[in-house]
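A quick write-up on the structure given underneath.
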Amino acid sequence: MVADKHAGLALAAALLAALFHRERTGQGQAVTVPLFGATAAFQLVEHLWDATFDPRWPARLRLGARAQALSLPHRGWVPLCAAAPGQALPGAVRGRRPGRLGRRPRFGSIANRLRNVELVQSTLAELLATRPTDEWLALFERIGVPAVALQTLDELLEDPHLQAVGFFEPVEHPSEGRLRLP
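Taking the numbering used here, the leading residue of the sequence shown gets -11, the next gets one more, and so forth.
Right, dumping it as structure tokens:
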């Protein structure tokens, strides 16, 4: 939800800038605001840290990894949204561990999962640790549960999609040297 809302705000700002440009120059603009790119830019404002500099700071000076360790969820996968009845996570794992999660009444409805959220999260964390991330992501995609692999900052910097669309722009700063900006 936050990604959708932020991308919408980024689109509104881009449209206003395009309209302003048209008013000043008479030229139209093409506006594209990709959800992933807008979200990565939003997150990296505070978390690009020493990776802003090119070459990157030496490991002994890096602040990002230490600061990130305070706030990262479990590595590997992140279910983004399982709010619709057809996207129920207990249904998603039913085939992996019959009876364990999907048949418990306290996990059978969204309201019951919300009432038992800590138990659902701990049970899912335990269960999801039993298989590789790629297997879970394939299963979630097959049954329609939105999920994405969690990336570290270093993985995000090398993300093939962000590389392909030229997301990171090298910029020469007059006093700081070469920078990498989203």
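Using N, Cα and C, we set each Cβ at its ideal position, and we do this for glycine too.
Membership of Arg166 in the beta strand (DSSP E) is indicated by the continuous run Gly165 to Leu169. Residue pairing by DSSP places Glu157 opposite Leu169 in a beta bridge. One alpha carbon belongs to Gln31, the other to Pro148, and they sit about 18 angstroms apart. Only residues of its own chain outside the window of five on either side were considered, and among them none has a CB closer than 7 angstroms to the CB of Ala5. For Glu164, same chain residues with a beta-carbon under 8 angstroms away, outside a window of 5 residues either side, are Phe41 in chain order. A straight line joining the alpha-carbon of Glu160 with that of Leu144 spans about 22 angstroms. With respect to the 9 angstroms criterion, Gly25 and Pro170 are classified as neighbours on the basis of their beta carbons. Residue pairing by DSSP places Ala2 opposite no residue, since no beta bridge is assigned to it. Take the alpha-carbon of Arg168 and the one of Ala39: they are about 7 angstroms apart. Boundaries of the alpha helix (DSSP H) around Arg130: Thr121 to Ile131. About 6 angstroms separates the Cβ atoms of Leu150 and Ala28, confirming a contact at the 8 angstroms cut-off.
Look at Ala(-9) here: in three-state DSSP terms it is helix. Around the beta carbon of Leu7, fewer than 16 other beta carbons lie within 10 angstroms, which makes this residue exposed. Boundaries cannot be given for Asp147, as no alpha helix (DSSP H) includes it and DSSP labels it neither H nor E.
Thr111 sits buried, since 16 or more C-beta atoms from the chains shown fall within 10 Å of its C-beta. Taken through DSSP and simplified to helix, strand or coil, Ala135 comes out as strand.
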